[in-house]
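Numbering (UniProt numbering), first residue to last: 1 to 305.
Ideal Cβ positions, reconstructed from N, Cα and C, are used throughout, including at glycine.
No experiment lies behind these values; they were computed from the predicted model shown.
Scroll down for the structure; my scribbles are underneath it.
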């Protein structure tokens with residue numbers, strides 16, 4: 001009997017402890033809710049104060065005015081994309097400095113110029129495509145000749161600086177490389193376009209940038225594919241094949257690397273274009289391989305008889 005009473009008393013004590021623990025948890029939840037509400041209110045008040053801060057209002061108006069002047073004076077056909085990009089990057093750097101002291105104008109600045117910049121990128125892409133087509137029509141299928149060794153060293157240095165070095169097996173001697181002037185000009189121009197586009201890349205503009213880069217490169221790839229099929233002489237086909245290899249092995253590979261370094265993902269459309277050109281090049285290369293000649297056994301006069 002006493003044992004049963006003790007057990008009942010112990011159970012009541014345990015139930016009381018459990019009730020106290022549950023009440024404490026409930027109280028803690030209420031306190032956390034109050035704390036979260038207080039933090040939200042503080043954040044809301046901070047945003048409202050920023051919007052009402054005379055310095056913030058004045059800075060926003062000045063930034064809007066600057067964007068308006070820039071669009072009128074810089075987003076015009078007479079100004080190159082490279083010059084425009086340098087200006088945009090400079091202003092972005094100032095916006096980042098303001099961000100460090102507690103005012104975020106970076107996204108606001110991009111929003112002011114986004115429409116105009118998107119239009120300029122598309123127009124620049126169209127101009128580049130037209131220029132590539134004109135140079136393709138004037139491609140004479142000749143290796144590049146440099147009158148002096150220092151001229152060759154200069155172009156090789158430029159290509160190294162752009163990250164598209166010329167492989168040794170294309171350099172025939174101190175004066176000749178088996179890459180046409182057309183391919184050299186396109187490669188330097190395309191890497192310049194790529195760098196300008198990536199310097200102003202944002203999440204909202206990346207689709208436009210990828211479309212421009214893809215369309216411009218596709219024109220040059222189509223030009224080389226056509227030459228691979230229409231060139232009649234083997235030496236011409238070999239020259240075109242060397243140019244195709246340089247484009248997909250060096251130029252496109254460099255493009256994919258820079259794009260992924262900025263965006264964090266692979267440029268699938270460009271990868272597809274690279275594979276198309278590589279496939280065509282391998283197919284032509286197999287045709288250019290000399291067919292092994294079967295030797296005819298010689299017989300002596302006695303054996304023949």
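- prompt: Does the beta-carbon distance from residue 177 to residue 171 come in below 9 Å?
  reply: yes
Is the region 95–106 touching the region 183–193 in the sense that three or more CB pairs, one from each, lie closer than 8 Å? no
Whether residue 228 touches residue 191 by CB criterion (9 Å): no
Could you tell me the boundaries of the alpha helix (DSSP H) in which residue 97 lies?
It spans 81–100 - the alpha helix (DSSP H) in which residue 97 sits, taken as one unbroken run.
If we require 3 or more residues per run, which beta strand (DSSP E) segments fall completely within the region 167–245? none
I want to know whether the region 200–220 touches the region 259–277 - three or more CB-CB distances under 8 Å.
yes
- Flag this pair as yes or no: are the beta carbons of residue 241 and residue 179 separated by less than 9 Å? no
Just mark residue 197 as buried or exposed, buried being the case when its beta carbon has 16 or more other beta carbons within 10 Å. buried
Note to self: Short of 8 Å in beta carbon distance, which residues of its chain neighbour residue 87, apart from the five on each side in sequence? Order them along the chain.
What the structure shows: 70, 74
For residue 82, does the count of other Cβ atoms within 10 angstroms reach 16, so buried, or fall short, so exposed?
exposed
inquiry  = Just to confirm my understanding: we take residue 306, look at its own chain, exclude 5 residues before and 5 after, and list those with CB closer than 8 Å. What are they?
reply    = Only positions 1 to 305 of the chain appear in the structure, and residue 306 is not among them; the question remains open.
Note to self: Counting only C-beta atoms, is residue 179 closer than 9 Å to chain B at any point?
What the structure shows: This model lacks chain B altogether, as it is built from one protein chain only.
Q | Cutoff 8 Å; reference residue 140; Cβ partners in own chain excluding five residues on either side | A | 180
Item to check | Extent of the continuous alpha helix (DSSP H) run through residue 126 | outcome: 106–137
request  = Pick helix, strand or coil for residue 248, following the three-state DSSP scheme.
outcome  = helix
Checklist entry - If we ignore side chains and look at the alpha-carbon of each, how far apart do residue 201 and residue 262 end up? => result One C-alpha to the other measures close to 8 Å.
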